[in-house]
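Below is one structure, written out as structure tokens; the observations come after it.
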Amino acid sequence: MTQQSEVTADILTQDEMINWLKTTDAKLTFVGEPIPGINSPAGLVSREALSTTVTYCSQRIDSVCGGACTVYTGGATCLDAPNTNCLAATNNVGFCSSSGCGGSCNQLSTCGTQLDDGYCYTPDTQSILVGNY
13 MTQQSEVTAD ILTQDEMINW LKTTDAKLTF VGEPIPGINS PAGLVSREAL STTVTYCSQR
73 IDSVCGGACT VYTGGATCLD APNTNCLAAT NNVGFCSSSG CGGSCNQLST CGTQLDDGYC
133 YTPDTQSILV GNY
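Residue numbering for the sequence shown follows my numbering, starting at 13 and increasing by one per position.
Structure, rendered in structure tokens:
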């Protein structure tokens, strides 16, 4: 019997997420709290210890996540995320096959198909569950 090992996805640090946001050519839409240096003045103090940043996008091309992307920064919530095909986050999140964080849900930390820059392939995702950390 062959034993399968569990694939563990990289959870991005805040610095890795900011670097991706600064260097991507994806079309970004921001929701939630401001991110200093990205969509607010760089000197603003971040509440990152209390927040999770999730970037979720509509397209996967080979091993790259992009297209139209939404960036959420904030606390626990259920994000409506239709047409999501890949995502990355600064904490573990759940991604679900139905709206309202219902249906079949999986965790980012156990991503089955990892993409470049810490992203995970999440085809047919309809909602994302952001927890308390």
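Even glycine gets a Cβ: it sits at the ideal position worked out from N, Cα and C. Every value quoted in this text rests on a predicted model; they were computed, and no experiment measured them.
- [ ] Return yes when the Cβ of residue 44 is within less than 9 Å of the Cβ of residue 70, no when it is not.
- [x] As a first step, residue 70 is located in the sequence shown; it is residue number 58 there, counting from the start. As a first step, residue 44 is located in the sequence shown; it is residue number 32 there, counting from the start. Contact: no.
Task: 6 Å Cβ shell around residue 32 - same chain, five flanking residues per side excluded - done: Within the sequence shown, residue 32 is the residue found at index 20, counting from 1. Around residue 32: 129.
TODO: Whole angstroms is fine: what's the gap from residue 151's alpha carbon to residue 35's?
DONE: With the chain represented from 13 up to 145, any question about residue 151 goes unanswered, as that position is not in the structure.
Open item on the list: Taking the alpha-carbon of residue 117 as reference, which of 102, 46, 134 has the nearest alpha-carbon?
Closed with: Here residue 117 refers to the residue found at position 105 when the sequence shown is read from its first residue. Per the Cα distances, 134.
Task: Presumed contact (8 Å Cβ cut-off) between residue 39 and residue 81, rounded CB distance - done: Numbered from 1 along the sequence shown, position 27 holds the residue referred to as residue 39. Numbered from 1 along the sequence shown, position 69 holds the residue referred to as residue 81. Indeed, because the Cβ distance is near 7 Å, the residues count as touching under 8 Å.
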